[in-house]
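Numbering (this note's numbering), first residue to last: 15 to 182.
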């Protein structure tokens with residue numbers, strides 16, 4: 015039993031040597047200065063052996079409509095070409111909550127996202143251009159249409175530039 019526990023600890027420590035944490039924000043959120051809405055995107059990620067788990071945190075507010083939207087979820091990405099930075103990913107779960115006077119009647123929403131991008135890692139920081147397709151399976155077209163009208167940054171296809179800290 016002792017050997018099994020010791021072996022498990024060694025595996026966990028060895029896998030942690032090749033893992034990294036990332037904390038980033040979407041620099042494209044600066045377009046909120048020019049639009050009548052605010053969208054803030056950030057995420058925290060954990061990577062190891064060519065797989066990355068991300069938890070996004072997003073908040074949107076419309077200045078012209080009485081509508082707010084907050085969302086989170088769990089994304090899984092795979093780096094198919096080791097060491098080259100290209101990845102593809104999908105949301106395992108993505109959920110959001112509407113509130114405000116113009117919020118849809120059903121306030122809770124489950125939807126999907128697929129993405130592809132390139133991670134450029136430097137000592138202590140990273141930059142990541144990304145393209146994502148929102149609600150890829152068109153399961154929430156009505157409520158996303160309401161959100162898109164109030165917050166124009168919610169387009170079907172979004173090009174982002176994520177930048178942040180990386181701890182290896």
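Ideal Cβ placement from N, Cα and C applies to all residues, glycine included.
Any non-hydrogen atom of the ligand ZN closer than 6 Å to residue i Cβ
{"i": "residue 115", "result": "Summarising the ligand content, the structure contains no ligands, and the ligand ZN is consequently not present."}
Rounded C-alpha distance that separates residue i from residue j
{"i": "residue 180", "j": "residue 38", "result": "8 Å"}
{"i": "residue 109", "j": "residue 33", "result": "27 Å"}
{"i": "residue 66", "j": "residue 163", "result": "32 Å"}
{"i": "residue 173", "j": "residue 64", "result": "23 Å"}
{"i": "residue 54", "j": "residue 43", "result": "6 Å"}
{"i": "residue 186", "j": "residue 48", "result": "With the chain represented from 15 up to 182, any question about residue 186 goes unanswered, as that position is not in the structure."}
Cβ neighbours of residue i in the same chain (closer than 7 Å, five flanking residues each side left out)
{"i": "residue 133", "result": "99, 101, 140 and 142"}
{"i": "residue 138", "result": "179 and 180"}
{"i": "residue 46", "result": "52 and 53"}
{"i": "residue 166", "result": "49 and 51"}
Cut-off 8 Å between Cβ atoms - residues of its own chain near residue i, not counting five sequence neighbours on either side
{"i": "residue 77", "result": "50, 51 and 52"}
{"i": "residue 28", "result": "Any reading at residue 28 must be qualified, since the residue scores a pLDDT of 48, below 50, and its modelled position is unreliable; the value itself is stated next. So no residue of the chain qualifies."}
{"i": "residue 25", "result": "Because the pLDDT of residue 25 is 46, which lies under 50, any placement of that residue in the model is unreliable, and the question is left without a value."}
Own chain partners of residue i with C-beta closer than 6 Å, once the 5 adjacent residues on each side are dropped
{"i": "residue 128", "result": "104, 147 and 150"}
{"i": "residue 123", "result": "110, 154 and 157"}
{"i": "residue 116", "result": "79, 80 and 81"}
{"i": "residue 168", "result": "161 and 162"}
{"i": "residue 113", "result": "82"}
{"i": "residue 61", "result": "34"}
{"i": "residue 59", "result": "36, 66 and 68"}
Proximity to residue i [Cα-Cα], best of the options
{"i": "residue 8", "options": "95, 63, 45 and 41", "result": "Nothing can be reported for residue 8, as the shown portion of the chain is limited to 15 through 182."}
{"i": "residue 118", "options": "46, 159, 47 and 90", "result": "159"}
{"i": "residue 136", "options": "93, 48, 47 and 97", "result": "97"}
{"i": "residue 126", "options": "144, 152 and 45", "result": "152"}
{"i": "residue 95", "options": "131, 175 and 144", "result": "131"}
Whole-Å CB distance - residue i paired with residue j, under 8 Å assumed
{"i": "residue 90", "j": "residue 106", "result": "6 Å"}
{"i": "residue 176", "j": "residue 144", "result": "6 Å"}
At least three beta-carbon pairs within less than 8 Å, the stretch 168–182 to the stretch 34–52
yes
With three or more beta-carbon pairs closer than 8 Å as the criterion, would you say the stretch 67–74 touches the stretch 83–93?
yes
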